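**Q** In this note's numbering, the protein residues as written are 1 to 150. We put the CB at the ideal spot given by N, CA and C, even for glycine. As the structure is a computational prediction, the values presented were derived from the model and not from experiment.
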Amino acid sequence: MNREQATELLEATLPILARTSMALLGDARASKQILETLAERAGTELGKASDADDGRLALFSALRKLCAEHQTLTGPLRRDEAPETARMGKAADARQRLERLRPTERDALVLKLVARLDVDDIAKVCGIDEATARDRLTKALAATSGEGER
1 MNREQATELL EATLPILART SMALLGDARA SKQILETLAE RAGTELGKAS
51 DADDGRLALF SALRKLCAEH QTLTGPLRRD EAPETARMGK AADARQRLER
101 LRPTERDALV LKLVARLDVD DIAKVCGIDE ATARDRLTKA LAATSGEGER
């Protein structure tokens, strides 16, 4: 993938990458920083890609890793740190349900529901086999629907 193609792909994918990072982190400021870092590294990530689909998955994979690194360093956003508006309504309920998931299950769920990736693409982004991706997604869906309360 050449530089021009990489730039076009990053620009086209940026809105969904932004929604995905926000869903994974729950913090707009951190999400913006992650996206800036991703944009800086995009050339390297996309240089390895053979086509736009591979490039798109490479961007999601890099985003997922950056979000995980951020949460390892800072920990998840605590409720008392969240802006007042984030504590209201359906968004607050969704955030609470996401916070109860294991990080690997949360990644699978966000990649499915927000990034709209198929199970095989989730597996590629997470570096796991399809059966494991399907299992993580199934557990996450059960837990967030109330069937698998922990």
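Which value, in whole angstroms, describes the spacing of the CA atoms of V165 and A140?
**A** Here the chain covers residues 1 to 150 and nothing more, so residue 165 does not appear.
**Q** Do R136 and E99 have their CB atoms nearer than 7 Å?
**A** No, the pair does not count as a contact, with Cβ atoms beyond the cut-off.
**Q** Does DSSP put T132 in a helix, a strand or coil?
**A** If DSSP states are grouped into helix, strand and coil, T132 belongs with the helices.
**Q** For the ligand GTP, I want to know if L38 counts as a neighbour, meaning its beta carbon is within less than 6 Å of at least one of the ligand's heavy atoms.
**A** In the structure on display, the ligand GTP does not appear, and there are no ligands present to speak of.
**Q** I need the boundaries of the alpha helix (DSSP H) containing M1, first residue and last residue.
**A** First-last for M1: undefined, no H or E at that position.
**Q** Below 8 Å CB to CB, which residues in the same chain sit around A86 once its five sequence neighbours on both sides are set aside?
**A** In this predicted model, A86 has a pLDDT of only 49, less than 50, meaning its place in the structure is not dependable; the value taken from the coordinates is given anyway. The residues are G26, A92, R95.
**Q** Counting only the same chain and skipping the five closest in sequence on each side, list residues whose C-beta sits under 6 Å from that of R79.
**A** Bear in mind that the predicted position of R79 carries a pLDDT of just 49, short of 50, making it too unreliable to give a figure here.
**Q** Along the chain, where does the alpha helix (DSSP H) containing S61 start, and where does it finish?
**A** First-last of the alpha helix (DSSP H) with S61: 52 to 74.
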